[in-house]
Amino acid sequence: QYAQQPPGTTHWVRTTDGGHNWYPLAMDSMCWQPLAIHGTKTQFAIMDVSATVYRTDDAWDTWREVHRFLPSEAPPDNYQYMSSGCIRGDLCHLFVQLKTGSYMSTDTGRTWRYLGGPPPTLWYVYDRRFWVEGNRIYMGTMDTTDAPYASPAALWMLDLDSLEAANVQFTPNASSVRGG
Numbered sequence: 764q765y766a767q768q769p770p771g772t773t774h775w776v777r778t779t780d781g782g783h784n785w786y787p788l789a790m791d792s793m794c795w796q797p798l799a800i801h802g803t804k805t806q807f808a809i810m811d812v813s814a815t816v817y818r819t820d821d822a823w824d825t826w827r828e829v830h831r832f833l834p835s836e837a838p839p840d841n842y843q844y845m846s847s848g849c850i851r852g853d854l855c856h857l858f859v860q861l862k863t864g865s866y867m868s869t870d871t872g873r874t875w876r877y878l879g880g881p882p883p884t885l886w887y888v889y890d891r892r893f894w895v896e897g898n899r900i901y902m903g904t905m906d907t908t909d910a911p912y913a914s915p916a917a918l919w920m921l922d923l924d925s926l927e928a929a930n931v932q933f934t935p936n937a938s939s940v941r942g943g
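So the sequence shown is numbered by this note's numbering: it starts at 764 and just counts up by one.
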């Protein structure tokens with residue numbers, strides 16, 4: 764079990780004995796929804812301030828940084844948050860939501876591909892939850908036109924099948940070229 768410390772502290776705490784004893788884990792910020800891989804001790808987390816993805820293979824006894832998103836991919840908002848702090852998926856496909864939209868990794872978090880999302884100049888997706896169902900990613904956004912009083916604005920859906928089709932490159936061969 765894990766719990767996060769009050770704002771202003773820089774670590775998580777962990778218990779392995781039902782809450783009788785707690786031990787600090789040094790992290791730079793919060794991760795609202797880490798991902799545990801079923802049947803293993805492998806887990807992933809993305810920090811909401813640094814947009815750093817961490818992985819553990821021993822239930823957080825040890826962990827390592829697997830990727831840190833660049834500020835151009837995850838520009839901080841007015842509160843310095845760069846991601847939603849939420850990671851979804853499995854060992855074959857990991858998904859995160861940054862201020863600029865959704866990203867997918869197919870190599871356990873080492874590299875990430877931008878999938879799309881709401882226009883970052885009009886909507887923010889930071890500190891929002893998202894979910895993946897089948898081949899679709901659903902993201903809630905915040906309307907910031909009345910900032911600092913942002914309000915829920917829209918639900919975006921990305922269809923992964925459509926994104927894949929758009930990236931297919933066609934190379935004509937002899938059988939596909941017809942004389943004219």
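Every residue gets a Cβ at the ideal spot worked out from N, C-alpha and C, and that includes glycine.
In this structure T871 touches L857 by the C-beta definition: roughly 7 Å separates them, less than 8 Å. For V859, DSSP records a beta bridge to I850, Y866.
Taking a contact as a CB-CB distance under 8 Å, the pair G880 and M902 counts as one, their CB atoms being some 6 Å apart. Within the DSSP secondary-structure output, R831 pairs in a beta bridge with T815. When beta bridges are read from the DSSP output, W894 appears opposite Y901.
Contact between the segment 828 to 839 and the segment 776 to 784 is absent: fewer than three C-beta pairs spanning the two stretches fall below 8 Å. Under a 10 Å Cβ-count criterion, M920 is classified as exposed, with fewer than 16 other Cβ atoms of the shown protein chains found around its own Cβ. D811 counts as buried, since no fewer than 16 other beta carbons sit within 10 angstroms of its beta carbon.
C849 places its beta carbon less than 8 Å from that of Q796. With 16 or more neighbouring CB atoms inside 10 Å of its own CB, R818 falls in the buried class.
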